[in-house]
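Please read the structure below before turning to the comments.
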Amino acid sequence: MELSVINIGNSKGIRLSKTILEKYNISDKIERILEKGYIILKPKTEPRKGWEKAFKKMHENGDDQLLMADVFEDENFDEG
Numbered sequence: 001m002e003l004s005v006i007n008i009g010n011s012k013g014i015r016l017s018k019t020i021l022e023k024y025n026i027s028d029k030i031e032r033i034l035e036k037g038y039i040i041l042k043p044k045t046e047p048r049k050g051w052e053k054a055f056k057k058m059h060e061n062g063d064d065q066l067l068m069a070d071v072f073e074d075e076n077f078d079e080g
């Protein structure tokens, strides 16, 4: 696919179609990788985005309790 380089203020840029943006899940940011004569555009993902809010909601609902004890009765912590 051939793309035209366009003027954007004092810079230049390219436009990506809505189809490409949706197919590769590109929303706000991309990562640019320069490699052996190629420019690679990679979707920038934030896999833990929203976790803080979700954890806060879990705590408010009391859903953040341990499912099993983190220390078992038969554990021995003495060295030797």
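Numbering (the working numbering), first residue to last: 1 to 80.
Where a beta carbon is used, it is the ideal one built from N, C-alpha and C, also for glycine.
Here the structure is a predicted model, which is why all the values come from computation and not from measurement.
Contact between the region 13-32 and the region 40-49 is present: three or more C-beta pairs spanning the two stretches fall below 8 Å. Going by DSSP, Glu22 is part of the alpha helix (DSSP H) stretching over Lys18 to Lys23. A direct Cα-Cα distance of roughly 20 Å separates Val71 from Asp63. Note: Pro43 is bridge-paired with Ile30 in the DSSP secondary-structure output.
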